[in-house]
Amino acid sequence: MHDINWLERITTTANYIRNRVGDMPRTAIILGTGLGELANHIEIKMALPYEEIPNFPISTVEGHKGQLIFGTLGNKYIMAMQGRFHYYEGYSMKESTFPVRVMKELGVKTLFVSNAAGGMNPNFKVGDLMIITDHINLFPDHPLRGKNFAELGPRFPAMNDAYSPRLIQKAREIAQANNIRLMEGVYVGTQGPTFETPAEYRFFYRIGGDAVGMSTIPEVIVARHGGMEVFGMSVITDLGGEGIAPDVSHEEVQNAAAKAEPIMTFIMKELINQFNEL
Numbered sequence: 002m003h004d005i006n007w008l009e010r011i012t013t014t015a016n017y018i019r020n021r022v023g024d025m026p027r028t029a030i031i032l033g034t035g036l037g038e039l040a041n042h043i044e045i046k047m048a049l050p051y052e053e054i055p056n057f058p059i060s061t062v063e064g065h066k067g068q069l070i071f072g073t074l075g076n077k078y079i080m081a082m083q084g085r086f087h088y089y090e091g092y093s094m095k096e097s098t099f100p101v102r103v104m105k106e107l108g109v110k111t112l113f114v115s116n117a118a119g120g121m122n123p124n125f126k127v128g129d130l131m132i133i134t135d136h137i138n139l140f141p142d143h144p145l146r147g148k149n150f151a152e153l154g155p156r157f158p159a160m161n162d163a164y165s166p167r168l169i170q171k172a173r174e175i176a177q178a179n180n181i182r183l184m185e186g187v188y189v190g191t192q193g194p195t196f197e198t199p200a201e202y203r204f205f206y207r208i209g210g211d212a213v214g215m216s217t218i219p220e221v222i223v224a225r226h227g228g229m230e231v232f233g234m235s236v237i238t239d240l241g242g243e244g245i246a247p248d249v250s251h252e253e254v255q256n257a258a259a260k261a262e263p264i265m266t267f268i269m270k271e272l273i274n275q276f277n278e279l
């Protein structure tokens with residue numbers, strides 16, 4: 002995707018979606034690992050397979066469906082990406098974050114994201130849910146590298162409140178009211194697709210990370226570049242670090258995520274229905 006056509010591609014894709022769907026929601030969700038079940042709670046108005054959407058990449062990861070859903074979740078009209086695009090699949094940073102650019106063009110103000118992550122914090126257990134309070138970006142490329150278009154956001158966007166303090170506080174209140182164990186921490190993003198070595202786990206924990214994964218940060222950066230408010234949550238699907246021997250498969254990650262899924266779905270659904278758009 003060359004810069005010359007970048008704005009044009011975003012506009013073309015947004016126009017196609019707007020013409021197919023009509024009214025656009027102001028809230029979007031990226032249904033990563035741990036949030037697949039949320040799709041069952043959405044009263045679907047329309048679902049657009051990614052392959053039908055101009056300029057959209059196609060998801061290649063097992064366990065990820067590839068469609069853009071529009072519908073109501075409780076009392077909120079939302080857009081949901083069922084399946085995301087990862088840097089490790091071979092997409093460029095611009096390609097993998099392209100849907101977030103389109104969301105912004107369509108008028109989305111708030112983005113909710115989820116993922117599976119490996120926990121380094123010794124207080125974490127497999128199946129825990131972690132509110133992402135901040136991140137450490139260790140991807141080898143950056144989604145904002147290259148020419149900056151003022152229409153999309155500033156050249157040097159601040160990342161001090163990348164994850165919305167008010168949404169974090171609201172999630173805490175929901176968990177407390179429902180006696181849900183909810184952890185908080187810093188998410189470290191790496192390119193993958195290998196899981197971490199024991200030494201890498203120790204390193205990520207020592208530099209301030211609580212959990213590590215292979216997604217989310219590029220999408221959050223692009224959302225914040227475009228002025229969106231963001232809330233992120235990880236399901237801790239495996240553990241590694243000091244005194245913990247990491248031994249994990251993709252299947253085990255999926256199993257741990259499946260057990261945590263109903264709880265994450267409940268919290269996200271409550272949060273989306275309770276928050277007021279700025």
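Count along the sequence shown from 1, add 1, and you get the number used in my numbering.
Glycine residues also receive a C-beta, built at the ideal position from the N, C-alpha and C atoms.
Computed from a predicted structure; not experimentally measured.
Pairwise C-alpha distance: F276 and H226: For this step, residue 226 is matched to residue 225 along the sequence shown. For this step, residue 276 is matched to residue 275 along the sequence shown. Roughly 22 Å between the two C-alpha positions.
To the nearest angstrom, how far is the alpha carbon of E185 from that of A15? On the sequence shown, residue 185 is found 184 positions in, with the first residue counted as 1. On the sequence shown, residue 15 is found 14 positions in, with the first residue counted as 1. Cα-Cα distance, rounded: 35 Å.
How close, in whole Å, do the beta carbons of P50 and G67 come, if the pair is a contact with beta carbons under 8 Å? In the sequence shown, residue 50 corresponds to position 49, counting from 1. In the sequence shown, residue 67 corresponds to position 66, counting from 1. Going by Cβ atoms, the distance from P50 to G67 rounds to 6 Å, so yes, they are a contact pair.
If the criterion is Cβ atoms closer than 8 Å, does the pair N161 and T34 meet it? The residue you call residue 161 lines up with position 160 of the sequence shown. The residue you call residue 34 lines up with position 33 of the sequence shown. For N161 and T34, no; Cβs fall outside 8 Å.
Taking Cβ to Cβ, would you say I169 is nearer than 8 Å to T195? Indexing the sequence shown from 1 puts residue 169 at position 168. Indexing the sequence shown from 1 puts residue 195 at position 194. Contact: no.
DSSP on K270, reduced to helix/strand/coil? As a working note, residue 270 is residue 269 in the sequence shown. Note: K270 maps to helix in three-state DSSP.
Could you check whether G120 and A280 sit closer than 8 Å to each other, using their CB atoms as the reference points? Nothing can be reported for residue 280: it is not among the residues displayed for the chain, which extend from 2 to 279.
Of all the CB atoms in chain E, is at least one closer than 8 Å to the CB of I43? The structure shown contains no chain E, having only a single protein chain.
Does the beta-carbon distance from I31 to E220 come in below 8 Å? By one-based count along the sequence shown, residue 31 stands at place 30. By one-based count along the sequence shown, residue 220 stands at place 219. Taking 8 Å as the Cβ cut-off, I31 and E220 qualify as a contacting pair.
Is the distance from the Cβ of G128 to the Cβ of I54 below 8 Å? Position 127 of the sequence shown holds residue 128. Position 53 of the sequence shown holds residue 54. No, Cβ-Cβ distance for G128 and I54 is not below 8 Å.
Taking the C-alpha atoms as reference points, what is the distance between M2 and E106? As a first step, residue 2 must be located in the sequence shown, where it is residue number 1. As a first step, residue 106 must be located in the sequence shown, where it is residue number 105. Low local confidence applies: a pLDDT of 47 at M2 is under 50, so the model's placement there is unreliable, with the coordinate-based value given in what follows. M2 and E106: Cα-Cα distance of roughly 17 Å.
The alpha helix (DSSP H) that contains I175, what's its start and end? If you number the sequence shown from 1, residue 175 lands on position 174. Where I175 is concerned, the enclosing alpha helix (DSSP H) stretches over P166 to A178.
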